[in-house]
Amino acid sequence: MQLDSSNQPIAYWKGLIHQYASFLPVTADTPVISLHEGNTPLIKLDRFVSAIGGDFDLYLKFEGLNPTASFKDRGMTMAITKAVEKGAEVVICASTGNTSASAAAYAARANLKCVVLLPDGNIAMGKLAQALMYGAQTIAIRGNFDQALDIVRQLGETGKVEIVNSINPFRIEGQKTASFEICDQLGRAPDYHFLPVGNAGNITAYWKGYREYEQAGRVKGLPHMCGYQAAGSAPIVDGHPITAPETLATAIRIGNPASWQGALDAMQQSSGWIDKVTDEAIVEAYKLVANTEGIFVEPACAAPLAGLIASVRANRIPAGSLITATMTGHGLKDPDRAISCAAQKPDLCDANLDSVSRLIGL
Ligand SMILES: *Cc1c(COP(=O)(O)O)cnc(C)c1O
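Just so we're aligned, residue 1 is where the sequence shown starts under this note's numbering, counting upward by one.
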């Protein structure tokens with residue numbers, strides 16, 4: 001086996017810090033903590049687009065194929081790497097689930113203590129399973145994400161713990177690499193980029209990434225950024241914080257986004273929009289992308305897909321546009337929701353050929 005200077009097989013993907021080091025705050029001496037995140041596929045959807053009556057090219061950036069099955073790994077490889085570089089011993093985050101899964105995994109890999117604060121009862125089972133398995137101290141608070149983040153901010157001020165929420169600027173730095181990959185994969189920037197908006201770190205990061213790539217001369221042009229919140233937790237669209245946010249898309253169940261201004265800047269500077277969709281529309285899109293394309297995402301990802309459906313109906317997208325949309329997390333994160341939303345339950349029958357044949361209609 002041929003090895004490179006860091007003793008890794010020469011031809012394998014070494015993770016996004018290695019790939020995009022020149023765009024990131026790292027040096028040759030930075031102790032990189034990686035699970036080989038990034039390099040996720042762009043998947044072109046044809047059946048979905050014709051089902052919704054669209055006349056454009058749509059590619060999904062399937063971030064559910066990262067090591068802990070959400071895009072949070074992009075920010076976390078940077079945040080944990082920088083925490084190790086500065087000698088931190090304890091990392092902490094508030095989370096609707098995926099940040100905790102990712103923090104716990106990267107902390108395990110770096111041999112750091114990890115503490116996660118979760119809203120009791122509003123976290124998908126897969127995410128909770130991950131935090132527990134990776135060995136994080138897992139604290140369920142009787143409250144919501146915004147309250148958990150508030151506590152984490154106060155703990156951060158003691159200087160004894162390193163916060164790895166997206167208020168940590170290194171998270172945004174790592175996450176912006178998704179824009180680089182999209183541009184590299186397409187050979188250009190898309191015309192529109194759709195994504196869900198919760199705490200708004202990701203829309204902030206994507207916009208930063210697209211601008212930096214354009215400034216570096218890697219692509220010409222920039223996409224319109226189109227963010228979607230759930231109707232019951234749409235503080236940016238409604239113009240004020242929501243004290244009791246509600247939506248079945250728990251990953252975006254956030255009433256007071258930390259990167260609110262970043263989201264507004266992305267929207268305004270890109271001539272895009274931030275809009276909201278109902279939970280019913282989210283469920284419809286969630287099922288449609290699974291059964292027309294074989295792509296199983298978690299409900300939050302269906303918010304921008306529902307937004308795309310609404311945009312087609314409103315004639316908001318010029319024919320022939322090139323659209324990308326981020327599928328932030330894998331559907332297996334939230335199996336309970338999937339089973340409760342699926343149109344059918346398993347057919348039950350006796351264990352013989354006749355019974356099965358009759359059920360299939362043969
Ligand atoms: C974190 C998360 C979001 C929201 O991202 P923000 O950066 O908080 O706006 C959306 N979808 C999934 C699956 C997530 O884990």
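Cβ atoms here follow ideal geometry from the backbone N, Cα and C, with glycine treated the same way. Just so you know, these numbers come straight off a predicted model, no measurement behind them.
Check: Any non-hydrogen atom of ligand 1 within 7 angstroms of K208 CB; Outcome: no
Check: Cβ pair count under 8 angstroms reaching 3, the region 50-63 against the region 285-305; Outcome: yes
Check: 3 or more residues per run - each beta strand (DSSP E) lying fully within the region 63-119; Outcome: 90-94, 113-119
Check: For F194, the residue or residues it bridges with in DSSP; Outcome: C226, A325
Check: Distance between beta carbons of T81 and V32, contact taken as under 8 angstroms; Outcome: 5 angstroms
Check: Burial state of I203 (16 or more Cβ within 10 Å); Outcome: buried
Check: C-beta contact flag for G97 and T326 at 8 angstroms; Outcome: no
Check: Any non-hydrogen atom of ligand 1 closer than 7 angstroms to T324 Cβ; Outcome: no
Check: Extent of the continuous alpha helix (DSSP H) run through I339; Outcome: 335-341
Check: heavy atom of ligand 1 below 7 angstroms from N291 C-beta; Outcome: no
Check: Start and end residues, beta strand (DSSP E) containing T30; Outcome: It is not in any beta strand (DSSP E) - T30 carries neither H nor E in the DSSP assignment.
Check: Contacts around E214, its chain only, beta-carbon distance under 8 angstroms, and the 5 residues preceding and following it disregarded; Outcome: A189, K220, G221, L222
Check: Touching by the beta-carbon criterion (3+ pairs, under 8 angstroms), the region 67-83 and the region 152-159; Outcome: no
Check: Extent of the continuous beta strand (DSSP E) to which L42 belongs; Outcome: 42-45
Check: Per DSSP, the bridge partner or partners of A140; Outcome: L118
Check: Q185 beta carbon less than 8 angstroms from that of G75; Outcome: no
Check: Candidates T324, P335, G217, V197, of which the one nearest M267 by Cα; Outcome: V197
Check: Integer-rounded CB distance, given that V356 should sit under 8 angstroms from G307; Outcome: At roughly 41 angstroms, the Cβ-Cβ gap does not stay under 8 angstroms, so G307 and V356 are not in contact.
Check: Short Cβ contact (8 angstroms threshold) for G38 with T177; Outcome: yes
Check: CA-to-CA distance, C93 to A103, given in whole angstroms; Outcome: 8 angstroms
Check: Check: K113 C-beta below 7 angstroms from any heavy atom of ligand 1; Outcome: no
Check: Distance between beta carbons of A69 and L429, contact taken as under 8 angstroms; Outcome: The structure shown does not extend to residue 429, since the chain spans only 1 to 362, so no value can be given for it.
Check: Heavy atom of ligand 1 within 7 angstroms of P383 beta-carbon; Outcome: Given that the chain is displayed from residue 1 to residue 362, the structure contains no residue 383 and the question cannot be resolved.
Check: Runs of alpha helix (DSSP H) lying entirely within the region 211-282, each at least 4 residues, in chain order; Outcome: 235-238, 260-269
Check: Per-residue burial, D73 [other beta carbons within 10 Å of its own, 16 or more giving buried]; Outcome: buried
Check: Beta-carbon proximity of Y206 to S166, cut-off 8 angstroms; Outcome: no
Check: A230 versus N291: straight-line alpha-carbon distance, rounded; Outcome: 22 angstroms
Check: Supposed close pair M78, I163 - CB separation, criterion 8 angstroms; Outcome: Not really, about 13 angstroms apart at Cβ, beyond 8 angstroms.
Check: Test item: CB-CB of W260 and I236 under 8 angstroms; Outcome: yes
Check: Enclosing alpha helix (DSSP H) for H330 [first to last residue]; Outcome: Careful: H330 lies outside any alpha helix (DSSP H) and carries neither H nor E.
Check: Heavy atom of ligand 1 within 7 angstroms of S370 beta-carbon; Outcome: Outside the displayed range of the chain (1 to 362) lies residue 370, so it cannot be described from this structure.
Check: Three-way DSSP call (helix, strand, coil) for L24 in this model; Outcome: coil
Check: Closer than 7 angstroms: A251 CB and nearest ligand 1 heavy atom; Outcome: yes
Check: Inter-residue Cα distance where the pair is I309 and D4; Outcome: 47 angstroms
Check: heavy atom of ligand 1 below 7 angstroms from N389 C-beta; Outcome: Any property of residue 389 remains undetermined from this structure, which presents the chain solely from 1 to 362.
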